[in-house]
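What follows is one structure encoded as structure tokens, with my remarks underneath.
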Amino acid sequence: MARTVHHRLFWPVLSLLALVVLNAAVRPSFIRVAVRDGHLYGALVDILRQSAPLMMVALGMTLVIATRGIDLSVGAVMAVSGAVALTLIDRSADPGDVGTVIVAIAAGVGIGVVLGMWNGFLVTVLRVQPIVATLVLMLAGRGVALLVTGGFITTVVSPPLKFVASGYLLGLPFALFLSASAIAVVALVERRTALGLLTEAVGINPEASRLAGVRSRGIVFTAYVASGALAGLAGILYSSNIMAADANAAGEFIELYAILAVVLGRTSLLGGKFSIAGTVVGVLVIQTLQSTVLFLGVSSAQSPVFFAVVVAVVVLVQSPQLHSRVRRLSGRRRRAVPAPEKPARDVEVSA
Amino acid sequence: MKVKLLSGVATVAVLALALTGCGGGSSSGGTSAGGASDGGSAAAKTIKVGFAQTGSESGWRAANTKSMKEAFSKEKGFDLVFNAADNDPAAQIAAVRSFISQGVDAIVIAPIVSDGWDDVLKEAQSAKIPVILEDRTVSASPDLYAAWVGDDFKAEGETAGKWAASTLGTADTNMVVLEGTTGSAPANDRAEGFASAIAGTKIKTIASQTGDFTRDGGKKVMEGFLQKYGVKGINLVYAHNDDMALGAIEAIEAAGGKPGTDIKIVSIDAVRDGMQALIDGKINYIVECNPLLGDQAAELVKKVVAGEPVEKVQFAKDSAFDKDAAVAALPTRAY
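The structure is reproduced here in structure tokens:
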């Protein structure tokens, strides 16, 4: 039991479960999953499907933050990727052709990689501070997307593209397979090879790891490229969901939600140790919270406050400082209890 | 790193000032004489007009810019100095200052934000250059500008509400609302106008939530509503703009419903994609938010420069479309 409570992800998972229970208590239909037209349908399935773009972006953000960086450009990269892909499909002879759509998706993700390389170049070669380096693209990217779409919202009719975000495979949303594969790939590459360890080393102490022979430059560069590629894929998912490239609205504020997801998953913004599972839970907490606003019928004017209060509570609940304070208080009352072991490394939580 | 996050938040907050869609602004009533001009017999010679546009953030804005450029053409007796500020309020104020130093005969502004205009409007006044506001309004004193021309968001909501009341108001109707950006003038006024038009009918608002005027927002909110009430539990969707209605269509289709039949949809804007959905029978009624303000603005400028009195507040002519009207109107649509 004690081991469960002390597990790094105990509090994030508990927060997620509490949100689901709250929703189910208010409206039991929340946890009902029905089979309709041969696929699963329900609020929980919707949450998993809708979380796909944020999941991609947050995974990339986790890697960047682990290297002591931050990537503010992800929303703009989403806008550019969606604009490029949909413009290609729109201008093609046959928008409904599977090959065309695959080429367009590859182009969208490719442009994400290129923009990620640009960020990585600024950060590693020119030594620009990550927040400033990625800010450049955050500001300029949307303009590029607007140029690509000519200032209009590009709408396409293309069944294969629609399948990406709204289609079903084996009864489950196809988008879910995409985000699950992204999680699996990132987890395998980071945790089954030494890359994750080296990333953490660079994040904890860049100078020491350099002296120890770690090629920090390449590792940091790769993190930004991965973030760009994942944001590119997220942009495709976003556009596919509405079947339109909306350069102004695509990925708006997603960089902040991604940072929030990373923090909720207990990865420190100071860099170093990171948790992919934590980020996954963080994304689901945010997505469930957004559905909660609708399910509880919180009014538009109040929903930002509601959102903020819940996030603040979740962050507080998992704060190690608060835990040790509570423990000290209860320890004073019950002298018999031995002093609690100190957490191995304090996790900074920024609210 | 906290500082980094904070400054990130600050940056985004600044960016958020860039408004989308059919821009907001409350209108102030009253009539006043037009601003004086040193143009003298201005009607005879070319009128030099500086136009400070917000930027090019939407299809609506692009149509608006086109309409203005056409109305202030050389053939119509104008010399237009055009500036698009890319939704940067400081750049827009700088553009207006440059119009003043160029000594134009009149200035037309589509203000990006409503605050911060007092100084530059006073400068224009002391240079005796009349200012006409277009689309959005400013918080500065009405004495500082000659007139405002734009859309009447409340009337748009009323027209949409009247359609709903007359077609669905006699039977029990469960309505969900996709609101525009919280606190924006179009969202507030469209909600108010609609509510007053359906008062006393059997239309009941069962849920209302913001979709931020975007397709993605409209789809997400509609998906939530459909999970909550089911396709059968919702009879009518009122979307504050076409984009959210288009998002709602996607959500209804994904939930196995037929938009326009199982769930009726009424929205505002009448952009091309919305009109197409209306023709396809997926939207049932659209009220126009007219971006073609050019001719009215040009008329105003002529009068003001000639020293004639004008109405301080001028509303654009908004029409409304059902399916047949949309079929007739779409081929000649400018936006």
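Top line first, the protein sequences correspond to chains A and B.
When you line the first sequence up against the working numbering, it's residues 806 to 1156, in that order.
When you line the second sequence up against the working numbering, it's residues 9 to 343, in that order.
Each residue gets a CB set at the ideal place from its N, CA and C atoms; glycine is no exception.
Residue i versus residue j: straight-line alpha-carbon distance, rounded
| i | j | result |
| --- | --- | --- |
| residue 323 (chain B) | residue 1081 (chain A) | 55 Å |
| residue 50 (chain B) | residue 106 (chain B) | The predicted position of residue 50 (chain B) is uncertain, since its pLDDT is 43 and thus under 50; no value can be drawn from it. |
| residue 851 (chain A) | residue 1091 (chain A) | 13 Å |
| residue 823 (chain A) | residue 1097 (chain A) | 11 Å |
| residue 241 (chain B) | residue 948 (chain A) | 42 Å |
| residue 287 (chain B) | residue 340 (chain B) | 14 Å |
| residue 809 (chain A) | residue 819 (chain A) | 11 Å |
| residue 1068 (chain A) | residue 234 (chain B) | 31 Å |
| residue 928 (chain A) | residue 1078 (chain A) | 20 Å |
| residue 1133 (chain A) | residue 1127 (chain A) | 10 Å |
| residue 164 (chain B) | residue 969 (chain A) | 36 Å |
| residue 1159 (chain A) | residue 965 (chain A) | Lying before the first or after the last residue shown, residue 1159 (chain A) is absent from chain A, which here runs from 806 to 1156. |
| residue 48 (chain B) | residue 85 (chain B) | With a pLDDT of 43 at residue 48 (chain B), under the threshold of 50, the modelled position of this residue cannot be trusted, and the question is left open. |
| residue 1046 (chain A) | residue 214 (chain B) | 26 Å |
| residue 79 (chain B) | residue 333 (chain B) | 26 Å |
| residue 862 (chain A) | residue 159 (chain B) | 39 Å |
| residue 69 (chain B) | residue 186 (chain B) | 22 Å |
| residue 135 (chain B) | residue 189 (chain B) | 37 Å |
| residue 308 (chain B) | residue 314 (chain B) | 10 Å |
| residue 957 (chain A) | residue 1095 (chain A) | 28 Å |
| residue 123 (chain B) | residue 102 (chain B) | 15 Å |
| residue 825 (chain A) | residue 900 (chain A) | 40 Å |
| residue 833 (chain A) | residue 238 (chain B) | 13 Å |
| residue 93 (chain B) | residue 955 (chain A) | 16 Å |
| residue 325 (chain B) | residue 297 (chain B) | 9 Å |
Of the residues the options, the one placed nearest residue i, counting alpha carbons only
| i | options | result |
| --- | --- | --- |
| residue 880 (chain A) | A:1036, A:1095 and A:1047 | A:1036 |
| residue 206 (chain B) | B:173, B:181, B:295 and B:70 | B:173 |
| residue 1043 (chain A) | A:967, A:1004 and A:1089 | A:967 |
| residue 208 (chain B) | B:190, B:90, B:309 and B:170 | B:170 |
| residue 841 (chain A) | B:331, B:332 and B:264 | B:264 |
| residue 279 (chain B) | B:299, B:309 and B:244 | B:299 |
| residue 828 (chain A) | A:1063, A:921, A:1001 and A:1100 | A:1100 |
| residue 973 (chain A) | A:853, A:1119 and A:1114 | A:853 |
| residue 1063 (chain A) | A:876, A:920, A:832 and A:849 | A:876 |
| residue 97 (chain B) | B:318, B:294, B:225 and B:63 | B:63 |
| residue 256 (chain B) | B:115, B:228, B:283 and B:236 | B:228 |
| residue 166 (chain B) | B:331, B:327 and B:337 | B:327 |
| residue 74 (chain B) | B:305, B:290, B:155 and B:113 | B:305 |
| residue 182 (chain B) | B:161, B:168 and B:211 | B:211 |
| residue 895 (chain A) | A:959, A:886 and A:848 | A:959 |
| residue 1061 (chain A) | A:1049, A:1088, A:933 and A:1003 | A:1088 |
| residue 1065 (chain A) | A:1113, A:1107 and A:883 | A:1113 |
Beta-carbon neighbours of residue i, restricted to chain B and to distances below 7 Å
| i | result |
| --- | --- |
| residue 1043 (chain A) | 224 |
| residue 801 (chain A) | Residue numbering for chain A in the displayed model covers 806 to 1156; residue 801 (chain A) lies beyond these limits and cannot be assessed. |
| residue 960 (chain A) | 281 |
Per DSSP, the bridge partner or partners of residue i
| i | result |
| --- | --- |
| residue 158 (chain B) | B:323 |
| residue 183 (chain B) | B:213 and B:244 |
| residue 296 (chain B) | B:277 |
| residue 960 (chain A) | A:1049 |
| residue 974 (chain A) | A:977 |
| residue 261 (chain B) | BP columns for residue 261 (chain B) are empty, so no partner. |
| residue 55 (chain B) | B:86 |
| residue 142 (chain B) | B:157 |
| residue 846 (chain A) | A:839 |
| residue 61 (chain B) | B:92 |
| residue 267 (chain B) | B:271 |
Listed by chain order, chain A residues near residue i by CB distance under 7 Å
| i | result |
| --- | --- |
| residue 217 (chain B) | 1099 and 1105 |
| residue 190 (chain B) | 1105 and 1106 |
Within chain B, the residues that residue i reaches when beta carbons sit closer than 8 Å
| i | result |
| --- | --- |
| residue 855 (chain A) | 228 and 231 |
| residue 901 (chain A) | Within chain B, no residue comes near residue 901 (chain A); the closest Cβ sits about 17 Å away, beyond 8 Å. |
| residue 932 (chain A) | Correct list: empty, because the minimum Cβ distance to chain B is about 16 Å. |
Chain A residues whose Cβ lies nearer than 8 Å to that of residue i
| i | result |
| --- | --- |
| residue 255 (chain B) | 1047 |
Under 9 Å from the C-beta of residue i: neighbouring residues of chain A
| i | result |
| --- | --- |
| residue 264 (chain B) | 841, 842 and 846 |
| residue 200 (chain B) | Near residue 200 (chain B) there are no residues of chain A at all, since even the closest Cβ is about 14 Å away, more than 9 Å. |
Inter-stretch contact at 8 Å, needing at least 3 Cβ pairs: the region 234-248 of chain B / the region 199-218 of chain B: yes
Segment contact, 8 Å Cβ cut-off, at least three pairs: the region 1004-1016 of chain A with the region 869-884 of chain A: yes
Contact between the region 168-182 of chain B and the region 144-157 of chain B (3+ Cβ pairs under 8 Å): no
Contact between the region 217-237 of chain B and the region 1047-1055 of chain A (3+ Cβ pairs under 8 Å): yes
Cβ contact (3+ pairs, closer than 8 Å) linking the region 813-820 of chain A and the region 1065-1083 of chain A: yes
At least 3 beta-carbon pairs within less than 8 Å: the region 990-998 of chain A vs the region 899-911 of chain A: no
Sufficient close CB pairs (3 or more, under 8 Å) joining the region 908-918 of chain A to the region 1028-1046 of chain A: yes
At least 3 beta-carbon pairs within less than 8 Å: the region 940-959 of chain A vs the region 1015-1031 of chain A: no
Sufficient close CB pairs (3 or more, under 8 Å) joining the region 886-904 of chain A to the region 252-267 of chain B: no
Residues from the region 281-294 of chain B in contact with chain C, defined by Cβ distance under 9 Å: The chain inventory of the structure shown lacks chain C, comprising the protein chains A and B.
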